[in-house]
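Enquirer: Quick note: the sequence shown uses the working numbering, first residue 11, plus one each step. Here it is: the structure, laid out below.
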Amino acid sequence: MNKKTFLRGFSLIELMIVVSILAFLSMLVIPHLSHFLAKSKRTEAYINLRSLYMAQKAYWLEHGSYTQQLAGPDSLGWKPEGVVCYSYGFGGSEGVNNVIGSLKTPSSALAPATAGSDSFIIAAAGDIDGDGTPDVLTIDQSGIIKIVTDDLA
């Protein structure tokens, strides 16, 4: 064997330096990633609020007024597709007046929601970043979505 033959590879120090650089870079990226995840959850709320808006409009065409019941007899008959993060609907009974999402935001966060003979406001609420303050969005009879409490800020 020739004396000039060297074993090729990385030393333990070099590998530790690379791992520490990767750990540092991942610490910089994670806060931005969690912000994008929170925005995607809010997109779910926009879609389901639009769906509730359309259900209320269809209910009004049949009955001449709006309702606060999502499920049960003489209700919107609205149920979200799949597992949802946000809670939707009105204050009151779970399963009748509202749907509680996987973030377990209580129906008390849906307080701005109401429905009457000629107007309605439906709310969506979810604590998307886990800080105890729910993100609350509403949609009214005109189809205007408002952010009541911004949990992304």
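From the three backbone atoms N, C-alpha and C, an ideal C-beta is built for every residue, glycine too. The structure presented is a predicted model; accordingly, all values stated were derived computationally and were not measured.
Should residue 52 go down as buried or exposed, given a rule of 16 or more other Cβ atoms within 10 Å for buried?
Expert: Locating residue 52 in the sequence shown gives position 42, where the first residue counts as 1. When all chains shown are included, residue 52 counts as buried.
Enquirer: Under a Cβ-count criterion, where at least 16 other Cβ atoms within 10 Å of its own Cβ denotes burial, should residue 130 be classed as buried or exposed?
Expert: Your numbering for residue 130 matches position 120 in the sequence shown. So residue 130 counts as buried.
Enquirer: For the beta strand (DSSP E) containing residue 156, name the first residue and the last one.
Expert: Here residue 156 is taken as the residue at index 146 of the sequence shown, counted from 1. Here the beta strand (DSSP E) through residue 156 covers 155-159.
Enquirer: Can you give me the start and stop residues for the alpha helix (DSSP H) that residue 165 sits inside?
Expert: Limits of the chain in this structure are 11 at one end and 163 at the other, which puts residue 165 out of reach.
Enquirer: Is residue 100 buried or exposed, if buried means 16 or more other CB atoms sit within 10 Å of its CB?
Expert: Here residue 100 corresponds to residue number 90 of the sequence shown, with the count starting at 1. Buried, by the Cβ-count rule.
Enquirer: Just to confirm my understanding: we take residue 54, look at its own chain, exclude 5 residues before and 5 after, and list those with CB closer than 8 Å. What are they?
Expert: Looking up residue 54 in the sequence shown gives position 44. 94, 95, 96.
Enquirer: What are the complete beta strand (DSSP E) segments, minimum 3 residues, inside the region 98-151?
Expert: Within the region 98-151, the complete beta strand (DSSP E) runs of at least 3 residues are 130-136, 145-150.
Enquirer: Applying the criterion that 16 or more other CB atoms from any shown protein chain within 10 Å of the CB defines a buried residue, is residue 83 buried or exposed?
Expert: For this step, residue 83 is matched to residue 73 along the sequence shown. So residue 83 ends up on the exposed side.
Enquirer: Less than 8 Å between the beta carbons of residue 116 and residue 158, yes or no?
Expert: Against the sequence shown, residue 116 aligns to sequence position 106. Against the sequence shown, residue 158 aligns to sequence position 148. The answer is no: Cβ separation not under 8 Å.
Enquirer: Is the beta carbon of residue 48 sitting closer than 8 Å to the one on residue 147?
Expert: Within the sequence shown, residue 48 is the residue found at index 38, counting from 1. Within the sequence shown, residue 147 is the residue found at index 137, counting from 1. Contact: no.
Enquirer: Give me, in chain order, the residues of the same chain whose beta-carbon lies closer than 8 Å to that of residue 58; leave out the 5 immediate sequence neighbours on both sides.
Expert: As a first step, residue 58 must be located in the sequence shown, where it is residue number 48. Cβ within range, chain order: 90, 94, 96, 98, 134.
Enquirer: Tell me the rounded alpha-carbon separation between residue 108 and residue 102.
Expert: Taking the first residue of the sequence shown as 1, we reach residue 108 at position 98. Taking the first residue of the sequence shown as 1, we reach residue 102 at position 92. Going by the C-alpha atoms only, they are around 7 Å apart.
Enquirer: Nearest-angstrom Cα distance between residue 34 and residue 44?
Expert: As a position in the sequence shown, residue 34 is number 24, starting the count at 1. As a position in the sequence shown, residue 44 is number 34, starting the count at 1. Those two C-alpha atoms are separated by around 17 Å.
Enquirer: Assign residue 169 to one of two classes, buried (16 or more other C-beta atoms within 10 Å of its C-beta) or exposed (fewer than that).
Expert: A query on residue 169 cannot be resolved here, the shown segment of the chain reaching from 11 to 163 and no further.
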